[in-house]
Amino acid sequence: MKAVVITQPGNIEQLQIREIEEPTTPDGYVKLRTKAFGLNRAETYFRAGNMGEIKEPRIPGIEAAGEIVEDNSGNFRVGQKVVTAMGGLMLARNGSYAEYLTAPATNVLAVETKLSWEELAALPQAYLTVWGALDKNLVIQEGETLLVRGGTTTLGFAAITYATAKGLKVVATTRSASNADLLSQKGADEVVIDDGDIAEKVRCIFPEGVDCALDVVGIATVKDTLKAVRHWGRVCVVGVLSGPPVLENFGLMSDLPNTVRLSFFASGLFGSPQMPLSTSPIQWIAEQVENGKIPSLVSRTFEFDQIHEAHRVIENDQALGKLVVTL
């Protein structure tokens, strides 16, 4: 099969397209024929050697959309349309940058949809992360206000579209005023230009503060994000764009506003007993995208042999949405 292989950490040139053997399917696993996969910053970090040592040739990629080829779990039928995310992809075993992949059945979800493969491939990692952060950590409710810090990231777009569809009023941030219209198109009710200090700007719109906030930027902005939230409000951090999520010299009394709850969500829980994919909203989201009620996340689609260019775009912050590779 054709696959992208990394043999050592480094720059984009370390992504090598090779012909290798198809994977075998262990018990409890399924084999997919990959039709498309989304790109994520985690894969650029992995390629650069920032997610652990690369000791052997490894295929990157943490999500995909495709068809079932073989099922050793008894949960799917051959030819069934599915998506997968995490479950050890890239880190514990070969990932999704390949014509075929194997994944634990617990991390594979059947989806009934007429969406194109590239549209379907844009959904799993982004919306499962948003599901965990918004529904599980922040426990969002219809009618609440949500601040999305880092609105023009893929996760930001997904959070805006999902929260809007769930009946929340959304405030989104961007560092560039030229992106304000795009955020409004995704569903943001209010757009705030982020100069590093937005708490007062948010409180000019909602004097008591927003009910909850999703910080996609991370460590560099979370202290300011906390200041934009009302008493008894909630903040969830999902982003590592500004570096590892380590708070140094963080004062619980000085930096964490009284009664405000702070949490972090990481996608490693996907498919676990705590987050079974069978309870996820992916089927509903696919239907909303198919019906035009949730806007597409896809900003650009690449062919498999354009993987270098795809990584270049995501590293240069030129995406403004989800990058997808088709096979």
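Position one of the sequence shown corresponds to residue 4 (this note's numbering), numbered consecutively onward.
Note that CB positions come from ideal geometry on N, CA and C, so glycine has one too.
Assigned secondary structure, residue i (DSSP; H/G/I helix, E/B strand, else coil)
i: R36; result: strand
i: S270; result: helix
i: T304; result: strand
i: I143; result: coil
i: Q19; result: strand
i: R61; result: strand
i: V263; result: coil
i: A322; result: coil
i: A6; result: strand
i: P127; result: helix
i: A161; result: helix
i: K226; result: helix
i: I297; result: coil
i: Y48; result: helix
Contact belief for residue i with residue j at Cβ below 8 angstroms, rounded distance in angstroms
i: L323; j: L185; result: 7 angstroms
i: V33; j: D74; result: 5 angstroms
i: F273; j: C239; result: Not really, about 16 angstroms apart at Cβ, beyond 8 angstroms.
Start and end residues, beta strand (DSSP E) containing residue i
i: I288; result: Per DSSP, I288 belongs to no beta strand (DSSP E); it is in the alpha helix (DSSP H), 285-293.
i: A339; result: In the structure as shown, the chain starts at 4 and stops at 330, and residue 339 therefore has no counterpart that could be examined.
i: L149; result: 148-152
i: E115; result: Here E115 belongs to no beta strand (DSSP E), and DSSP marks it neither H nor E.
Where the alpha helix (DSSP H) containing residue i begins and where it ends
i: D184; result: 183-189
i: W120; result: 120-124
i: E251; result: Per DSSP, E251 belongs to no alpha helix (DSSP H) and is neither H nor E.
i: K204; result: 202-208
Residue i to residue j span [Cα, whole Å]
i: Q291; j: V205; result: 29 angstroms
i: E218; j: Q309; result: Sequence inspection shows Asp at residue 218; the Glu mentioned does not correspond to that position. The straight-line gap from Cα to Cα measures roughly 31 angstroms.
i: R178; j: R233; result: 23 angstroms
i: S99; j: L280; result: 18 angstroms
i: V85; j: A183; result: 34 angstroms
i: A68; j: T28; result: 17 angstroms
i: Y165; j: G159; result: 10 angstroms
i: L326; j: G221; result: 21 angstroms
i: G13; j: V81; result: 38 angstroms
i: L92; j: T37; result: 13 angstroms
i: I71; j: D30; result: 15 angstroms
For residue i, the nearest candidate out of the options (CA to CA)
i: R237; options: S257, D138, E70; result: D138
i: V328; options: E312, F305, M89; result: F305
i: I201; options: V142, A216, G242, Q128; result: A216
i: E59; options: E121, L94, G41; result: L94
i: E251; options: A223, Y48, V7, G271; result: A223
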